[in-house]
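Visitor: If you're matching positions, the sequence shown starts at -11 in this note's numbering and goes up one per residue.
Yeah, the Cβ is synthetic: ideal placement off N, Cα and C, and Gly gets one too.
None of these values were measured; they are calculated from a predicted model.
This structure is in structure tokens; I'll ask about it shortly.
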Amino acid sequence: MKLYSDAATRMTDQKSGAGILIIKNQTQIQIHQPLPDHIDNHQAEFLAAIAGFKALIDYCDGSETIMFFTDSRILSDSLGKEFSTAYPKLLIELIHLQNNYPLVINQWVPEKENQGAHKLAWQAIH
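Given below as structure tokens:
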């Protein structure tokens, strides 16, 4: 199963949104949702990933390998190191959610390879 997440933050009004794309058996599940206002984009990326793993609960029985894709370097690096000075509570929450699956492979991808989640994140704030 594949999970893509992305966040978008509109600087003019400080609104943020999460885009989540789940691919299971060649079927796409598209989710977009607003995030709290007045957060920075990095925090929004963590919250989008958390929302994505929470959404997986409805589509996965917990026995599947999850391929998680993000275009956020800070999120990807924090997961790889299991450490974040700026967002430790969000990282702990995300790792806790990932621990519900036997194997999660976290992968950074360039923005151009995350367009599905990216567009959904912008839909959440428009």
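So what does LYS(-10) bridge to, in DSSP terms?
Guide: Beta-bridge pairing links LYS(-10) to ILE11 and MET55.
Visitor: Nearest-angstrom Cα distance between ILE38 and ALA105?
Guide: Those two C-alpha atoms are separated by around 14 Å.
Visitor: Below 6 Å CB to CB, which residues in the same chain sit around HIS30 once its five sequence neighbours on both sides are set aside?
Guide: If we look at HIS30 and ignore the five residues flanking it on each side, its Cβ neighbours are ILE62.
Visitor: Do you know how far the Cα of THR15 is from the Cα of LEU82?
Guide: Near 24 Å, if we compare the C-alpha coordinates of THR15 and LEU82.
Visitor: Can you name the start and end residues of the alpha helix (DSSP H) that GLN86 belongs to?
Guide: GLN86 -> alpha helix (DSSP H) spans 76 to 86.
Visitor: Go through its chain and collect everything with a Cβ distance to GLY40's Cβ below 7 Å, but skip five positions before and after it.
Guide: Here the set comprises LEU(-9), SER(-7) and ILE8.
Visitor: Where do the ends of the beta strand (DSSP E) carrying GLN95 lie?
Guide: From DSSP, the beta strand (DSSP E) with GLN95 extends over 91 to 96.
Visitor: Would the beta-carbon of ILE80 fall within 9 Å of that of ALA43?
Guide: Not in contact: ILE80 and ALA43 (Cβ atoms no closer than 9 Å).
Visitor: Label ILE100 either buried or exposed according to how many other C-beta atoms from any shown protein chain fall within 10 Å of its C-beta, with 16 as the threshold for buried.
Guide: What sits at residue 100 in the sequence shown is Lys, not Ile. With fewer than 16 Cβ atoms within 10 Å of its Cβ, LYS100 is classed as exposed.
Visitor: Any idea what DSSP makes of ILE27, helix, strand or coil?
Guide: Reduced to three states, the DSSP call for ILE27 is coil.
Visitor: DSSP on GLN103, reduced to helix/strand/coil?
Guide: GLN103 falls in the helix class under three-state DSSP.
Visitor: Just verifying my parser: in three-state terms, what is the DSSP assignment at GLN2?
Guide: It is coil, neither helix nor strand.
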